[in-house]
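Novice: Sharing a structure, written as structure tokens. Questions coming.
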Amino acid sequence: MFNSLSIELNSSYIKIIEGRKGKKLKVINYKEIRLESEVNMVSDLYNETDILNALNLYLLENKVSKFDVNVVLSGVTNLLVREIILPFVSEDKIYDMLKFESSQYFPVNIDKYILDYKIVEIIKEGKNKKLKLLVFAVPKSIIEQVIEIMNKLNMKINKVDIESNVLSKLSSKIGIGEKEESMLINIERSFLTCVVIKNKVIQLTKTYPHDMKDMLFNKDRDDFIADEYKLNEIIDNAVKLIEFYRMRERQDIKSIYITGELCKYFDIPSIISKKTGIIVNILDKFDFIDSKNDIKIEDYIIPISMLA
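Letter by letter, the sequence shown follows residues 80 to 387 in my numbering.
In structure tokens:
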């Protein structure tokens, strides 16, 4: 059985996990590559040359299979997310109806986006039924560029996905949001993503950009003083989203789970718990993963979850 490759593409780094699927996901190898030039926020495109060079070097230095490659896009701040209500139709007709109706929900040329959706709820109104969908619109240019990059590297793509979907997959894997509304927070050096899960389905998701590279790279220094303004802004984004969900759904989030590069630092879990009154659980150990002792699972949670 050949190994699978999971690649997380971010504006400032690439994270790679090589793993073998089984009763447990066995992590064979892992690598982080920092990118010098970040994504062009005007054109929505990555720096193709940097990514090609970085991945080419990795492939030369490591004997890895190119036949099962999974790519996940993380921290995509120009991802459009809307809740949409449609008349009830069979699942094979949802996408066509969604394309037809989407222009009234997305103030963009929808032909330049790729749509994905999750069925949140089937609403019953007397004898009639409606579909409540959470719809994601990703710039088509990004997906096409990723596919082109992988083709140039002779990699066979199994799937291209977005971070919020992968976090939802992780939630289902470990039972988050199975019996009660829960929020999963992924806090990384350049973004914070929050996903609300209920009955194993995404109800709400939001990504907030930030710059905490200095905090990540200096987190173990005793003399380093964190920027309190940045910390408060990041924490407040999560708190405000929780309040928004409470007001919209008239339901309380019962539990919060936090993972990612900065999930254990600068007292972030404790501050979120104090501000919300909700217990915050740190996710840094997972029973379904068989890994090398020196890897910090939370640092690679996105590419790992892509293979889970």
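Every residue gets a Cβ at the ideal spot worked out from N, C-alpha and C, and that includes glycine.
Predicted model, so just to flag it, every value in this text is computed and none were measured.
1. Quick one: which unbroken beta strand (DSSP E) runs of 3-plus residues sit fully inside the stretch 265 to 316? Chain order, please.
2. Here's the rule I'm using: 16 or more other beta-carbon atoms within 10 Å means buried, otherwise exposed. How should F365 be labelled?
3. Excluding the 5 residues preceding and the 5 following I202 in the sequence, name in chain order all residues of the same chain whose CB lies nearer than 7 Å to its CB.
4. Roughly how many whole angstroms lie between the Cα atoms of D378 and E340?
5. Does the count of Cβ pairs from the stretch 350 to 357 and the stretch 305 to 322 closer than 8 Å reach three?
6. Bridge partners for R113 per DSSP, in chain order?
7. Going by the DSSP bridge assignment, what does K83 pair with across the sheet?
8. Using 8 Å as the Cβ pair cut-off and three pairs as the minimum, do the stretch 239 to 247 and the stretch 264 to 283 touch?
9. Taking only the alpha-carbon atoms, compute the straight-line gap between V192 and D302 and give it to the nearest angstrom.
10. Are there 16 or more other CB atoms within 10 angstroms of the CB of S90, so buried, or fewer, so exposed?
11. By alpha-carbon positions, which one of K197, E227, L232, S251 ends up nearest to F215?
12. Are at least three pairs of beta-carbons, each pair with one atom in the stretch 142 to 149 and one in the stretch 223 to 241, less than 8 Å apart?
13. Name the DSSP beta bridge partners of Y336, please?
14. Can you name the residues that DSSP bridges to P186?
15. Hey, would you say the C-beta of P166 is under 8 Å away from at least one heavy atom of the ligand GTP?
16. For the stretch 172 to 220, list the beta strand (DSSP E) runs that are entirely contained and at least 3 residues long, ordered along the chain.
17. For M385, collect the residues of the same chain with a Cβ closer than 7 Å to its Cβ; drop the 5 residues on either side in sequence, then sort them by chain order.
18. Note down, in chain order, each residue of its chain lying with its Cβ closer than 6 Å to the Cβ of D306, except the 5 sequence neighbours on either side.
19. Where F367 and I228 are concerned, what is the direct C-alpha to C-alpha distance, given to the nearest angstrom?
20. Comparing C-alpha positions only, which one of E97, I163, E322 sits nearest to I380?
21. Residues in its own chain within less than 6 Å of N360 by CB, not counting five upstream and five downstream?
22. If you measure between the beta carbons of S269 and M294, is that distance less than 9 Å?
23. Look at the alpha carbon of T338 and the alpha carbon of L362, and state the distance between them as a whole number of angstroms.
24. Of the choices V217, L271, E180, R327, whose alpha-carbon is the least far from that of A160?
25. For V143, which residues does DSSP report across the bridge?
26. Measure the alpha-carbon distance for I95 versus R300 and round it to whole angstroms.
Specialist: A quick look at the data gives this:
1. 270 to 277, 280 to 288
2. buried
3. For I202, same chain residues with a beta-carbon under 7 Å away, outside a window of 5 residues either side, are K208, K209, K211 in chain order.
4. 5 Å
5. yes
6. According to DSSP, R113 bridges with Y92.
7. What sits at residue 83 in the sequence shown is Ser, not Lys. Per DSSP, G98.
8. yes
9. It is Tyr, not Val, that sits at residue 192 in the sequence shown. Between Y192 and D302, the C-alpha separation is close to 46 Å.
10. buried
11. Checked all of K197, E227, L232, S251; the closest Cα to F215 is K197.
12. yes
13. L263, N360
14. In DSSP, P186 forms no bridge with anything.
15. For the structure depicted, the ligand GTP is absent and the ligand set is empty, with no information on it obtainable.
16. List check, beta strand (DSSP E) in window: 192 to 204, 207 to 218.
17. S85, N149, V151, D240, V245
18. Same-chain partners within the cutoff: there are none.
19. 31 Å
20. E97
21. Y336
22. no
23. 5 Å
24. The question names Ala, yet the displayed sequence has Val at residue 160. The shortest Cα separation from V160 among V217, L271, E180, R327 belongs to V217.
25. Paired residue(s): none; V143 is not in a bridge.
26. 27 Å
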